[in-house]
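Residue numbers (our numbering): 72 to 307. C-beta atoms are modelled at their ideal positions from N, C-alpha and C, and glycine is treated no differently.
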């Protein structure tokens with residue numbers, strides 16, 4: 072089965088599992104989470120999800136939600152979110168995540184922290200035994216501090232590269248910051264690394280999402296699997 076089909080199945084299954092009428096819903100960013108936003112939009116248009124409000128985690132997601140007419144709000148008006156459905160670049164057995172290859176890690180973490188429930192949608196390639204073995208850790212930094220942040224992340228043991236656009240210009244986040252992608256040869260202690268990264272002035276946020284995910288909807292070639300915090304996998 073094609074990867075894109077698996078992503079769509081995961082996103083749509085997460086919506087059917089976790090979204091109910093009247094909810095405040097965090098709308099994630101990325102190639103899998105977009106399928107959840109589209110499903111929510113289709114159900115909203117069909118009248119099956121009345122009285123919902125979406126909180127987008129990026130400008131791109133906001134545009135996608137607007138295509139379906141999903142009512143959108145902000146954290147100023149809705150500081151507590153019922154559920155956020157988002158993707159991940161890596162998922163370890165303890166539900167720790169690496170996120171941010173889509174460039175929205177700051178807003179994604181703000182929304183995740185404000186949510187009662189965080190449902191991750193992904194395909195089976197994103198499962199890892201140890202974080203940092205497949206994906207880099209994105210670190211969002213203010214432009215003024217890019218060089219000292221770069222040097223500090225190298226000191227922490229990372230191979231660091233600044234994220235660039237195809238034309239070679241620096242990638243800018245929705246908050247107009249830079250991203251430094253930090254490659255590690257595995258991260259045996261993600262809590263310690265997360266704390267160390269945040270100590271550097273100029274670091275805005277990092278892509279280690281620890282202790283936030285409550286559920287994972289994983290699309291595999293043998294079907295959709297639902298994982299919960301007990302780490303019990305059951306086919307659906």
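Item	Value
Contacts around residue 243, its chain only, beta-carbon distance under 8 Å, and the 5 residues preceding and following it disregarded	249
Whole-Å CB distance - residue 92 paired with residue 123, under 8 Å assumed	7 Å
Straight-line Cα distance separating residue 295 from residue 182	25 Å
Which of helix, strand or coil DSSP assigns to residue 130	helix
Neighbour-count burial assignment, residue 151, 16 or more Cβ in a 10 Å radius	exposed
Of the listed residues 119, 179 and 190, nearest to residue 300 (C-alpha basis)	190
Top-ranked residue by Cα proximity to residue 135, from 147, 161, 155 and 104	104
Residue ranges of each beta strand (DSSP E) within the region 165-212, 3 or longer	189-194 and 208-212
Contact under 8 Å by Cβ, residue 155 with residue 186	yes
Residue 268 vs residue 227 beta-carbon contact at 8 Å	yes
Helix, strand or coil at residue 101 according to DSSP, with G and I counted as helix	coil
DSSP state of residue 112 mapped onto helix, strand, coil	helix
Residues of its chain near residue 213, where Cβ-Cβ distance is below 7 Å and the 5 sequence neighbours each way are ignored	248, 273 and 275
Beta-carbon gap between residue 112 and residue 139 smaller than 8 Å	yes
Stretch-stretch touch, CB-based, cutoff 8 Å, three pairs: the region 197-212 with the region 253-267	yes
Straight-line Cα distance separating residue 270 from residue 278	15 Å
Nonlocal neighbours in the same chain, by C-beta distance under 8 Å from residue 219, ignoring five residues either side	271, 272 and 273
Endpoints, alpha helix (DSSP H) assigned at residue 224	217-226
Reduced DSSP category for residue 279 - H, G, I as helix; E, B as strand; rest coil	strand
Buried or exposed by the 16-neighbour rule on C-beta atoms within 10 Å, applied to residue 115	buried
Residue 252 versus residue 121: straight-line alpha-carbon distance, rounded	40 Å
Interface flag, residue 242 vs chain D, CB-CB below 8 Å	Annotation note: the requested chain D is absent from the structure, which comprises a single protein chain.
Residue nearest to residue 95 in terms of C-alpha spacing, selected from 147, 130 and 102	147
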